[in-house]
Amino acid sequence: MSYVSASAMAKAAKAGHYAVGQFNINNLESIRVIMAAAEEVRAPVMLGVSMGIARQLGGYKTIADTVRNVLEYDGVTVPVCLHADHSTYDAALEALRCGFSSVMFDGSRLEIEENLRLTRQLAALCHAQGVSLEVEVGPVAGKEDGGAAEGELADPVECAAMSALGVDLLAASIGNMHGAYPPDWKGLNFPLLHAVREAAGEVPLVLHGGSGIPEESICRAIELGVCKINVNSECREAFSEATRRFFLDGLDQKDSAHMQLITLRPGLEAVKAVCIEKMRLFGCAGKA
Ligand SMILES: [Zn+2]
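Heads up, the sequence shown stops at 1238 in the numbering used here, and the numbers go up one at a time, no gaps.
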């Protein structure tokens, strides 16, 4: 089977008033478990690959080939988008060369003129290959930034300029953050989301940092035009908690012959449960 671009998925989601989930892969097992979740609830799905994980797993080509083989072996029939998450310009080109169906160019920390210039170049290259391009305006805040309670806020004028370049997906900061939200977090800025949607026109919007946002806020964001939601931290936390419990309960000492196989199982089941819960919440379950 071949990968589907994020553009096709996001357009269907926009028309159907739901959002597609992007879940980040970490290893071979995580690829299979995210796919198993998508198959179980019949959801289109996006597999996010960070630059760090790409390095860890042997590069974009290894990942593109491996995922394709896994999809075939497991008989996956739901649409799958293979997406390079938060890429530099060069990494985006590499993912494009290696057969990814979607790339995100994160130029949000560059001057807007430079972000626009590089985005224009990448859009032409991606579209020549039928690959979708996601871009970011206003860097999504996170732990590494010290986590101000409000998060970053994108400028709608910059969002309009970016959207005019023909990008396929726009990630604009509306107070969302990567990692855990601080206790004094002010929540998503819905007036700004509304302004961003007006500025972006027909371009579908992306919400990064989708872990730990209240359900009603997620639903409201989808109503206001968010078509793709990235989830990573909640999967990671679920995996850690289940794995920690496995060791604390001494279960690793029961079957040492198969220890390496069974060690991952509780964590993977926990990740699958989070994926299914999110697919149902985002409304993409049953859409494949
Ligand atoms: Zn992100």
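In this text, a Cβ means the ideal position worked out from N, Cα and C, and glycines have one as well.
Residue i and residue j closer than 8 Å at C-beta
i     : j     : result
L1007 : L1046 : no
F1140 : L1119 : no
V1087 : S1058 : yes
A1034 : V1020 : no
L1066 : A1073 : no
A956  : C1031 : yes
A1220 : F1189 : yes
V1146 : S1161 : no
M1001 : A969  : no
A1121 : H1144 : no
C1249 : F973  : Summary: the structure shown does not reach residue 1249, with the chain confined to residues 951 through 1238, and so no result is reported for it.
P1029 : M959  : yes
K1136 : E1100 : yes
I1003 : I981  : no
R1070 : L1115 : yes
Pairwise C-alpha distance: residue j and residue i
i     : j     : result
K1237 : A993  : 5 Å
E1165 : L978  : 30 Å
G1096 : P1132 : Residue confidence for G1096 is low, a pLDDT of 48 falling below 50, so the modelled location carries little weight; the figure read from the coordinates is stated next. Spanning the two alpha carbons is a distance of roughly 10 Å.
I1240 : V1156 : With the chain running from 951 to 1238 in the structure shown, residue 1240 is simply not present.
E1094 : S1123 : Residue placement at E1094 is poorly supported in this model, since its pLDDT is 47, which falls under 50; the coordinates still yield a value, given next. Cα-Cα distance, rounded: 16 Å.
C1177 : E1064 : 26 Å
F1050 : E990  : 24 Å
L1043 : H1077 : 12 Å
V1153 : S1167 : 21 Å
F971  : F1232 : For the sequence presented, residue 971 should be read as Gly rather than Phe. Straight-line Cα distance between these residues: approximately 7 Å.
V1017 : A1223 : 21 Å
K1228 : K964  : 17 Å
R1195 : L1068 : 46 Å
V1117 : K1011 : 24 Å
K961  : K1204 : 50 Å
L1218 : D1015 : 22 Å
D1134 : A1104 : 20 Å
E1022 : Q1079 : 23 Å
R1230 : G1009 : 32 Å
I1013 : I1212 : 24 Å
E1191 : L1138 : 27 Å
G966  : I1163 : 22 Å
Selection from the options that minimises the alpha carbon distance to residue i
i     : options                       : result
A1235 : V983, A965 and V995           : V995
T1027 : G1200, S1037, E1187 and A988  : A988
T1038 : A1014, D1134, Y1023 and D1056 : D1056
E1108 : E1061, Q1210 and D1134        : E1061
I984  : R1186, G1200 and E1191        : R1186
T1193 : R1215, I1172, L1211 and F1232 : R1215
D1024 : A986, K1228, I1003 and T1012  : A986
G998  : A965, Y953, A962 and E1022    : Y953
H1036 : P1106, H1128 and G1217        : H1128
G1151 : E1191, R1005, P1106 and I1163 : P1106
Supposed contact pair residue j and residue i - C-beta distance, whole angstroms, cut 8 Å
i     : j     : result
S1183 : A1130 : 7 Å
C1085 : N1126 : Residue 1085 is actually Val in this sequence, not Cys. 16 Å between Cβ atoms; not a contact.
A1110 : A1149 : 4 Å
M1209 : D1202 : 6 Å
*Got a list of residues with beta-carbon closer than 6 Å to any non-hydrogen atom of ligand 1, in chain order?*
H1036, V1090, H1128, H1158 and N1180
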